[in-house]
Amino acid sequence: MKPDKIDQLYFSDVNEPIKFDRREFLKKLGGGIIVVFCIGKLSLLDGWGKNEAVDELNFNAYLRVKENGRVNCYTGKIEMGQGIITSLAQVLAEELEVPISSVDMIMGDTDLCPYDAGTWGSLTTRFADPVIRAAAAEARETLLNLAAEKLHINEDQLTIKEGVIFDINNPSKKITYAEITKGKKIVKTLTKKPEIKKAKDFKIIGTPIISTDALAKVTGKAQYSGDIKLPGMVYATVVRPTVYGAKKLKVDASALSDFEGVALIEDGDLVAVVHTSLETANKAAKKVKVIWDAPKATSNTDSIFQYLEDQITESSVFKEAGDLLIGKQISIRIIDGKYYDGYKAHAPMETHSATCYFEGDKLIIWASTQTPFGLRDQLVNALHTSTEKVQVKQIFTGGGFGGKIYNKQAIEAALISKSCGKPVQLVWSRKEEFMYDRFRPAAVMNVTSGVDNKGKLTLWDFDIYCAGTRGTSLFYGIENNRTRMFNEKNVRGDSHTNSLNNVSVHPFGTGAWRAPGNNSTTFARESHIDVTAHKIGIDPLEFRLNNLNHKNMTATLKLAAENFGWKKPKKEGHGYGIALGEDAGTCVAIIAEVFVNKNTGEVQPIRVVCAQDMGQVVNPLGATVQTEGGITMGLGYALFEEVEFNGGNLKTRNFKNYEITKFSKTPEITCIFRDKMDSKPEGGGEPAIICVGGAIANAVFDACGARVNRMPITPERILNELNKT
Amino acid sequence: MKQSVSFKLNNQNVSVEVNGDESLLTIIRTYLDKTGTKFGCGLGDCGACTVLIDNEAARSCMILIEDVANKEIITIEGLATGEILHPIQKAFITLDALQCGFCTPGMIMNALGLLIKNPTPTRNEIINGMEDNLCRCGSYNRIVEAIEMAAKEMNKKVKI
Chain A
1 MKPDKIDQLY FSDVNEPIKF DRREFLKKLG GGIIVVFCIG KLSLLDGWGK NEAVDELNFN
61 AYLRVKENGR VNCYTGKIEM GQGIITSLAQ VLAEELEVPI SSVDMIMGDT DLCPYDAGTW
121 GSLTTRFADP VIRAAAAEAR ETLLNLAAEK LHINEDQLTI KEGVIFDINN PSKKITYAEI
181 TKGKKIVKTL TKKPEIKKAK DFKIIGTPII STDALAKVTG KAQYSGDIKL PGMVYATVVR
241 PTVYGAKKLK VDASALSDFE GVALIEDGDL VAVVHTSLET ANKAAKKVKV IWDAPKATSN
301 TDSIFQYLED QITESSVFKE AGDLLIGKQI SIRIIDGKYY DGYKAHAPME THSATCYFEG
361 DKLIIWASTQ TPFGLRDQLV NALHTSTEKV QVKQIFTGGG FGGKIYNKQA IEAALISKSC
421 GKPVQLVWSR KEEFMYDRFR PAAVMNVTSG VDNKGKLTLW DFDIYCAGTR GTSLFYGIEN
481 NRTRMFNEKN VRGDSHTNSL NNVSVHPFGT GAWRAPGNNS TTFARESHID VTAHKIGIDP
541 LEFRLNNLNH KNMTATLKLA AENFGWKKPK KEGHGYGIAL GEDAGTCVAI IAEVFVNKNT
601 GEVQPIRVVC AQDMGQVVNP LGATVQTEGG ITMGLGYALF EEVEFNGGNL KTRNFKNYEI
661 TKFSKTPEIT CIFRDKMDSK PEGGGEPAII CVGGAIANAV FDACGARVNR MPITPERILN
721 ELNKT
Chain B
1 MKQSVSFKLN NQNVSVEVNG DESLLTIIRT YLDKTGTKFG CGLGDCGACT VLIDNEAARS
61 CMILIEDVAN KEIITIEGLA TGEILHPIQK AFITLDALQC GFCTPGMIMN ALGLLIKNPT
121 PTRNEIINGM EDNLCRCGSY NRIVEAIEMA AKEMNKKVKI
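Heads up: the sequence lines are chains A and B, in that order.
Reading the first sequence from the start, the letters are residues 1 to 725 in full-length UniProt numbering.
Reading the second sequence from the start, the letters are residues 1 to 160 in full-length UniProt numbering.
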């Protein structure tokens, strides 16, 4: 990912429109006014696409004002609970001057929607919003134009309200969008920078809007990939090895003769059975005996950290300034710390699912995916076919969090369907979900900090194993600093995977997990800042305020501290903890209060205050729900979640042995956003979660004196630390 | 050996030809096309498949179809009366107590089972009664508030 580069893009980058005539699908649309918008070479995709040609073809949004006055908004983004089905409609409605209820979102359909690399990185509001607003602004101008012609009134004299254009001086002279578009097909591309609204003129942006998909979701009508039923469809169950990465040696399917109507599918290492009854398919799959060649275990839940440090010996400097030696010389205290984070599962409530069929030689598929276009390309490869022969359709996704960008289930479903010649549904079991998840990698962070006699940080030496560098740019002012990422030389390292000689150092799949890497590194940094503050006897809030070198972060922290009441007296056994972080352009300050039972080591989160500087907030309700959700989910990784394994043999197989946050562990949560309606919007889906680990670790220390440097901060680890002191 | 099992689903009599050892969840979803009830784990751990059986919340993935003969099942599809939503559904919308929506049907059905048993629960009783329904998006606080709101609304109606 290149967030730094993308962060610089905004309306100023509007330029050359694309040659849309190459896009067959515009023909498929009916009448009305269609506005195509792109930002040419500086498109959202710039540098993200696999090749230059894709970059050039990309246009980022288009909308269609239909002959009935309703508006279709087409976007390659998908809805997985993050609420963009609402907030994107909101910005469109704002610019086009229509009620939000007249906007229909068409999302992630690869035949109808503009290319999009994926719904990830808290990018939608930052980068899909501007293009949709621009397209809507252009549509508005076009409609005004046409209305002026029809009404024989000068355009300056016209105004719009809820899809009706009328004469300012004589409101009875009016025409609706529906009337203007009737019988027309006008395709406009943007040739100049559109006039978008100023914040002071907003009517819809900035107002809280309830999720537009809530009704479908509370009535059971919302459809997910496993809810599609096709005529003649069979259910597939894949036969899995017990160890990740095992290769098939031999298949004995003789027991399948006991099951009428069962078919065996074999395609490389993929072994599956299909049947018209889901439960028969499940039962039959258990009877297929496969001999697997399993890779040997090289690490387990506890040895993994040493293993990673031993294996990964090369490093590259991400950022550095000053001189570490000088930093050491001028420090009165030098403090070393080592921080660990275990593997975490995404564990969405919807397991990976897909339903598909062939229409002639074209595959039509519904899949729980964050990357419909990426999936299309994967399917083109897997089926040895061409782009026009695969269509990924719009569907709700039941939670993603970065885990649904790899699409293994959809490829399996397509191969099985091709092989058996029937429509296929494949819904992974919870055990499969825990085995083939691409886990958040285990990570090690080594820190050395130094501080002078005035309580100023003078040294920061930060070494990262397997957590990437996202969010590690220092917002503390430390003259002598270095941040290094350990990875094989010449391998472009990221926070998802680490390879040695093209083989992952991890015993199973790893990948992007909500704010990739930033949860681990923020935990380490913010824990160590607290450790340093305590070593020299300065209050952690004061210490941070003294050392921050980032205006927005300082303001955000102050906002959180005021709302939390940092000076408020604590009850016996209670503690407060702060963590700061930066992710997807947003500054986050979280302060948590916990109660720790010193006898059992059990932690009860009491309350969390989260202040954010996320620029313009499009939907304050949606942003609040996202932030609360991130904090609630984050308590899981901080306190409970740990994938247990011996090599590729995952011991974590279900929610009995992978505890996530539950009702009783959810604290009171308060979210505050800095008022920045005139700014551009920043990320909202990920940022808040990054601070939960550090805030909880610091609050636990404050409550009971146990400094736990390894997440999750379990009762056992707390008691261990307490016994040491 | 196929057998016929009859029960009431959302106030309608239904009869299915089954082996008998299928889960109620499978039958509801794949035979009767009521896909509002979700498969989350198949082990009774997550609550996404919660339905009412004779007015009690139950994990439909853990119930054999032959054990529901002659019983009354209510799923999420059976909650609204025409266009009129049930107070719990209304409260979930009003408070935006959902995100991806996958746990939502199970949450609502479990809440209904809870409120039938205890129409005036305290906040703690709601938390305890809902504890084993999981929501990965983290909408718990809003769900608790929605159940409080719905309870008030439902009690008002009883008094009239």
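Glycine included, every Cβ here is placed at the ideal spot set by N, Cα and C.
- Can you find at least 3 beta carbon pairs, one from the stretch 639-646 of chain A and one from the stretch 141-158 of chain B, that sit closer than 8 Å? Counting C-beta pairs with one atom in each stretch, the stretch 639-646 of chain A and the stretch 141-158 of chain B have fewer than three that are closer than 8 Å, which means they do not touch.
- Buried versus exposed, by CB contacts within 10 Å (16 or more), A/K571: Along the first sequence, one-based indexing puts residue 571 of chain A at 571. The residue is exposed, with fewer than 16 neighbouring Cβ atoms inside 10 Å.
- Item | Distance, A/G183 Cα to A/A137 Cα | As a working mapping, residue 137 of chain A is identified with position 137 in the first sequence. As a working mapping, residue 183 of chain A is identified with position 183 in the first sequence. Taking the straight line from one Cα to the other gives about 22 Å.
- Helix or strand or just coil, what does DSSP make of A/V505? Here residue 505 of chain A is taken as the residue at index 505 of the first sequence, counted from 1. Correct three-state label for A/V505: coil.
- Task: Anything in chain A within Cβ reach of B/G40, meaning under 7 Å, just list it in chain order.
- Result: Sequence index remark: in the second sequence, residue 40 of chain B carries index 40 (1-based). Chain A residues near B/G40: M349.
- Verify the CB distance criterion: does B/G113 have a CB-CB separation below 8 Å to chain A? Here residue 113 of chain B refers to the residue found at position 113 of the second sequence. Among the residues facing chain A, B/G113 is not included, as its CB has no counterpart in that chain under 8 Å away.
- For residue 811 of chain A, which three-state DSSP category applies? Given that chain A is displayed from residue 1 to residue 725, the structure contains no residue 811 of chain A and the question cannot be resolved.
- Go ahead and pull the three-state DSSP assignment for A/H152. Translated into positions along the first sequence, residue 152 of chain A becomes position 152. DSSP places A/H152 in coil when its eight states are reduced to three.
- Indicate whether at least one CB of chain B lies closer than 8 Å to the CB of A/R23. By 1-based counting over the first sequence, the position of residue 23 of chain A is 23. Any answer about A/R23 is weak, because its pLDDT of 48 lies below 50 and its placement is not dependable; what the coordinates show is given next. Chain B, which has no Cβ nearer than 8 Å to the Cβ of A/R23, makes this no.
- Since A/S315 is in the beta strand (DSSP E), which residue starts that stretch and which ends it? As a working note, residue 315 of chain A is residue 315 in the first sequence. For A/S315, the enclosing beta strand (DSSP E) covers residues 315-321.
- Task: Check each residue of the stretch 222-237 of chain A: if its Cβ is closer than 8 Å to any Cβ of chain B, include it; give the result in chain order.
- Result: Flagged, chain order: A222, Q223, Y224, G226, D227, K229, Y235.
- Message: I need the straight-line Cα distance from A/A515 to A/G683, nearest angstrom please.
- Response: Position 515 of the first sequence, counted from the first residue, corresponds to residue 515 of chain A. Position 683 of the first sequence, counted from the first residue, corresponds to residue 683 of chain A. Each residue's Cα considered, the two are about 10 Å apart.
- CB-CB under 7 Å to A/T280, same chain, minus the five flanking residues each way: which ones, in chain order? Locating residue 280 of chain A in the first sequence gives position 280, where the first residue counts as 1. Only F259, V262 meet the Cβ criterion.
- Item | Residues that A/N654 contacts on chain B, provided the C-beta gap is smaller than 8 Å | The count along the first sequence starts at 1 and reaches residue 654 of chain A at position 654. Simply C41, L43, D45.
- Assign A/E195 to one of two classes, buried (16 or more other C-beta atoms within 10 Å of its C-beta) or exposed (fewer than that). Start at 1 with the first residue of the first sequence, and residue 195 of chain A comes out as number 195. Note on A/E195: under 16 other CB atoms within 10 angstroms of its CB, so exposed under the neighbour-count rule.
- Might you give, ordered along the chain, the residues of its own chain that have their beta carbon closer than 6 Å to the beta carbon of A/G81, omitting 5 neighbours on each side? Sequence index remark: in the first sequence, residue 81 of chain A carries index 81 (1-based). For A/G81, where only same-chain residues beyond five positions count, the Cβ hits under 6 Å are G399.
- Query: Is A/T369 closer than 8 Å to A/W428 when the C-beta atoms are compared?
  - Reply: Here residue 428 of chain A corresponds to residue number 428 of the first sequence, with the count starting at 1. Here residue 369 of chain A corresponds to residue number 369 of the first sequence, with the count starting at 1. For the pair A/W428 and A/T369, the CB atoms are not nearer than the 8 Å cut-off.
- Message: Since A/A579 and A/C610 should fall inside the 8 Å C-beta cutoff, what is the C-beta to C-beta distance between them, to a whole number of angstroms?
- Response: Taking the first residue of the first sequence as 1, we reach residue 579 of chain A at position 579. Taking the first residue of the first sequence as 1, we reach residue 610 of chain A at position 610. Actually they are not in contact, since the Cβ atoms of A/A579 and A/C610 sit about 10 Å apart, beyond 8 Å.
- Item | the stretch 318-329 of chain A contacting the stretch 623-634 of chain A, beta-carbon criterion three pairs below 8 Å | no
- Would you give the residue range spanned by the beta strand (DSSP E) that B/K8 belongs to? Position 8 of the second sequence, counting from 1, holds the residue named residue 8 of chain B. 3-9 is the span of the beta strand (DSSP E), which, as asked, contains B/K8.
- Interface residues of chain A facing B/D96 [CB-CB closer than 7 Å]: The sequence position of residue 96 of chain B within the second sequence is 96, counting from 1. Correct list: I210, S211, A214, L621, V625.
- In chain A, what lies closer than 8 Å to B/C33 by C-beta? Stepping through the second sequence from its first residue, residue 33 of chain B is reached at position 33. The amino acid occupying residue 33 of chain B in the given sequence is Asp; Cys does not appear at that position. The answer, in chain order, is K229.
- Roughly how many angstroms lie between the CA atoms of A/K2 and A/F673, to the nearest whole one? Indexing the first sequence from 1 puts residue 2 of chain A at position 2. Indexing the first sequence from 1 puts residue 673 of chain A at position 673. Because the pLDDT at A/K2 is just 35, under 50, the model does not fix this residue reliably, and the value given afterwards should be weighed accordingly. Taking the straight line joining both Cα atoms gives about 26 Å.
- Query: Does DSSP put A/G455 in a helix, a strand or coil?
  - Reply: Start at 1 with the first residue of the first sequence, and residue 455 of chain A comes out as number 455. DSSP places A/G455 in coil when its eight states are reduced to three.
- For A/I411, which option in A/T448, A/S386, A/F401, A/C356 has the closest C-alpha, if you only look at C-alpha atoms? By one-based count along the first sequence, residue 411 of chain A stands at place 411. Nearest option by C-alpha distance: A/C356.
- Item | Touch test, the stretch 461-470 of chain A against the stretch 516-525 of chain A, Cβ-Cβ under 8 Å, three pairs minimum | yes
- Message: On a Cα-Cα basis, can you pick out the residue from B/L64, B/L43, B/L98 that is closest to B/E22?
- Response: Here residue 22 of chain B refers to the residue found at position 22 when the second sequence is read from its first residue. The shortest C-alpha separation from B/E22 is found at B/L64.
- Message: Quick check on A/R438 - is its C-beta less than 8 Å from some C-beta in chain B?
- Response: On the first sequence, residue 438 of chain A is found 438 positions in, with the first residue counted as 1. Output row for A/R438: interface = no.
- From what residue to what residue does the alpha helix (DSSP H) around A/N720 run? The residue you call residue 720 of chain A lines up with position 720 of the first sequence. A/N720 -> alpha helix (DSSP H) spans 715-724.
- Item | Contacts around A/E97, its chain only, beta-carbon distance under 8 Å, and the 5 residues preceding and following it disregarded | In the first sequence, residue 97 of chain A corresponds to position 97, counting from 1. Result list for A/E97: R140, I160, K161, E162, G163, in chain order.
- Message: Give me the residue from A/D201, A/K185, A/L143 with the minimum Cα distance to A/R174.
- Response: Numbered from its first residue, the first sequence carries residue 174 of chain A at position 174. The sequence shown places Lys at residue 174 of chain A, not Arg. Nearest of A/D201, A/K185, A/L143 to A/K174, Cα basis: A/L143.
- Item | Sequence-distant residues of its chain with Cβ nearer than 7 Å to A/G402 (five each side left out) | Numbered from its first residue, the first sequence carries residue 402 of chain A at position 402. Around A/G402: W120, H346, G511, A512, W513, R514, P516.
- How many whole angstroms separate the CB atoms of A/A236 and A/V424, which I take to be in contact at a CB cut-off of 8 Å? Along the first sequence, one-based indexing puts residue 236 of chain A at 236. Along the first sequence, one-based indexing puts residue 424 of chain A at 424. Contact holds; Cβ gap of about 5 Å.
- Check whether the stretch 675-691 of chain A touches the stretch 649-661 of chain A, counting contact only when three or more Cβ pairs, one atom from each stretch, lie closer than 8 Å. no
- Task: Please name the residue in A/K296, A/L415, A/D336, A/A367 whose C-alpha comes closest to that of A/T242.
- Result: Along the first sequence, one-based indexing puts residue 242 of chain A at 242. Closest by alpha carbon: A/K296.
- Query: Applying a beta-carbon distance threshold of less than 9 Å, which residues of chain B neighbour A/L278?
  - Reply: In the first sequence, counting from the first residue as 1, residue 278 of chain A sits at position 278. Correct list: E22, T26, R29, T30.
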